[in-house]
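Structure record follows, encoded as structure tokens.
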Amino acid sequence: MHLTSISSFFLTLFISALAAPMSSELDKRQIPVQGAYTLVANRPNHPINMLKIQASGQRFYLGLPGPSSYCPVQVGSSCPNTTDTVIVNGAMYVMVPGGQSLYVQRSGALAYTQAHSSFRPDYLSSELGAFTDGSYRGPGGASFAACPVQGKEGQWQVFSEVPGFVGRDCVCFAVGWKKWEGRVGAWQYT
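Residues 18 to 207 (this note's numbering) make up the sequence shown, in order.
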């Protein structure tokens, strides 16, 4: 009986050792990404597939030609000239002093703060991130939804599917990220 217990122990240890590399591989894919990146929608066979996620009006959208941004005249040739919304380490990649934070509102809307302000209206969470498996996730691993913008054909507002999110005519989608090789994304996003 003692020999059976020892054999059972070693069998369990052996099986655990075989399973460990798979767990380790999974952990490697889920490491948060450092550095700058852009976001893109992934919904095969739908018009939003591969559209860039763009910042505009302190919210995020699909189907815009570029982000809404501003740069003061005195900055001159140092003003970034980009057609992308760029995020760095979980915040907007901007030059404006104080930066701009990225967060999710209680409604699920993906949002960012105004320049020179840390005020986050209707704040729910800033638990967002890009991971080495190529994914970008909302609070608690929540996925995302694209909801049509009324009166703006071909444009969708981006929401995180958090508790409290109630969308109309929305489509679920995955968000991927692409490493940003350029300089800062904007002076500020508006």
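Beta carbons are placed, not taken as given, at the ideal position from N, Cα and C, and that holds for glycine.
Checking the sheet assignment: what are the DSSP bridge partners for residue i?
i, result
"F176", "A126, A162"
"W194", "L56"
"C96", "According to DSSP, which records beta bridges pairwise, C96 is partnered with nothing at all."
"I84", "Rather than Ile, the amino acid found at residue 84 in this sequence is Pro. None, per the DSSP bridge assignment."
"I70", "L79"
Are the beta-carbon atoms of residue i and residue j separated by less than 8 Å?
i, j, result
"F77", "G125", "no"
"W194", "V90", "no"
"I48", "A163", "no"
"L79", "Y153", "no"
"V121", "V201", "no"
"V105", "G52", "yes"
"V179", "A147", "no"
"T100", "G83", "yes"
"G168", "F161", "no"
Could you give the distance in angstroms between the alpha-carbon of residue i and the alpha-carbon of residue j?
i, j, result
"S118", "Q71", "15 Å"
"S177", "W197", "23 Å"
"C189", "Y87", "31 Å"
"G115", "A203", "13 Å"
"N62", "G184", "21 Å"
"T130", "M109", "9 Å"
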